[in-house]
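Single-structure report; data block below.
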Amino acid sequence: MANEPFFKIEGTHYVPTPASRGPWNPNSLHGRVIAGLLGAEIERLHGSAEFMPARLTVDMYRLPDLSPVEVVTRVVREGNRIKVIDAEFISGGVSAGRATCQLLRRTENPKGNVWKPPSWEVPAPGDIAPPTDGRSGMGGMWATRRIEGDFGTVGRKRIWMSEVRELVEGRALTPFVRVAVSADFASPFANAGDAGLEFINSDVTVYLHREPRTEWIGYEVVNHGATAGVAIGECFLYDEDGPIGSASCAALAQRRMARS
């Protein structure tokens, strides 16, 4: 990956680069890098091949600026079949977010058939031409291949997206980190309408029954609702081999600050 990473390492801290800026305030971080770094640190410090990171919930209760970041983790439960890990995102000495990850031991599926949604029959990313209108993921924050619908449309929305940079300089993206750093995408994709995006998400939760096997992750909006300025959004997640899980969020009505 030739693009600038979202974070560089300085001692025990992670220093955000300009690539990590978010859409709401030009001096704050994008929610996706908060979720991504929390998930990455949980996996780096507490993950193992025997356990599947089945759920990651991230609360984002403060827009952090570009100050150096420290992630502190804590083991809540470490059993034979389940591990629960907490992590806190501390920016400039101030707590800005937290995560809880549930890791479940991999075993074998039980016998029998269980209902599941129909197969996701869409063109592969390699069969879709790259966008030519300059709308490839916030100026190149990620690569996209639009399948159906778009941010400014009302109706069914499906898209492929792939990361184009490292989360942390010098550390290759793992399959789980690919999902963690992209999961915040569920909010703008599910909550944007014909007036644009006017909801800022305060959390994101990812459920996975397996990790992605390919670099492209598919998002399909399956739910949106809003009342009195409070919204929810949900997407099913896929890789090129099929379904992998879901991502959901809560959000508040919000207007963007103008960039200087």
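Using this note's numbering, the letters of the sequence shown correspond one by one to residues 1372 to 1631.
Cβ coordinates follow ideal geometry from the N, Cα and C atoms, glycine included.
Only counting the same chain, and skipping five residues up and downstream in sequence, which positions put a Cβ closer than 6 Å to that of residue i?
i       : result
Ser1558 : Asn1572, Gly1604, Cys1620 and Ala1622
Met1628 : Low local confidence applies: a pLDDT of 48 at Met1628 is under 50, so the model's placement there is unreliable, with the coordinate-based value given in what follows. Taken in chain order, the residues that qualify are Asn1396.
Asp1555 : Gly1402, Arg1403, Ala1406 and Val1575
Asn1374 : Val1535 and Arg1536
Glu1492 : none
Arg1426 : Gln1473 and Tyr1578
Glu1540 : Pro1376 and Lys1379
Pro1481 : none
Pro1389 : none
Asn1594 : Glu1605
Beta-carbon separation of residue i and residue j under 8 Å?
i       : j       : result
Gly1616 : Val1577 : yes
Thr1428 : Thr1471 : yes
Trp1531 : Trp1587 : yes
Leu1434 : Ile1453 : no
Ala1624 : Val1592 : no
Asp1430 : Gly1382 : no
Enumerate in chain order the residues of its own chain whose CB-to-CB distance from residue i is below 7 Å, with the five nearest sequence positions on each side excluded.
i       : result
Pro1494 : Ile1518
Met1372 : Its pLDDT being 45, under 50, Met1372 is placed unreliably by the model, and nothing is read from it.
Pro1583 : Pro1546, Arg1549, Val1550, Asp1610 and Ile1615
Val1447 : Val1455, Ile1456 and Asp1457
Pro1424 : Glu1414, Gly1418, Cys1472, Leu1474, Phe1547 and Leu1579
Rounded to whole angstroms, how far is the Cβ of residue i from the Cβ of residue j, which I believe are closer than 8 Å?
i       : j       : result
Ile1413 : Ile1456 : 5 Å
Ser1438 : Gly1463 : 3 Å
Gly1523 : Gly1567 : 7 Å
Asp1436 : Ser1399 : 6 Å
Ala1618 : Leu1608 : 6 Å
With a threshold of 8 Å on Cβ separation, who are the neighbours of residue i within its own chain once the five nearest residues in sequence on each side are excluded?
i       : result
Leu1538 : Pro1376, Phe1377, Phe1378, Val1404, Gly1407, Leu1408, Ala1411, Leu1544, Val1548 and Val1552
Ser1631 : With a pLDDT of only 39 at Ser1631, under the threshold of 50, the placement of this residue in the model should not be trusted, and no figure is reported.
Val1442 : Tyr1385, Leu1408, Leu1409, Glu1412, Ala1458, Glu1459, Phe1460 and Ile1461
Asp1565 : Gly1523, Thr1524 and Val1525
Pro1496 : Arg1516, Trp1531, Ser1533, Trp1587 and Glu1611
(message) Report the start-end ranges of each beta strand (DSSP E) in the stretch 1423–1482 that is 3 residues or longer and not cut off at the edges.
(response) 1440–1449, 1453–1462 and 1465–1476
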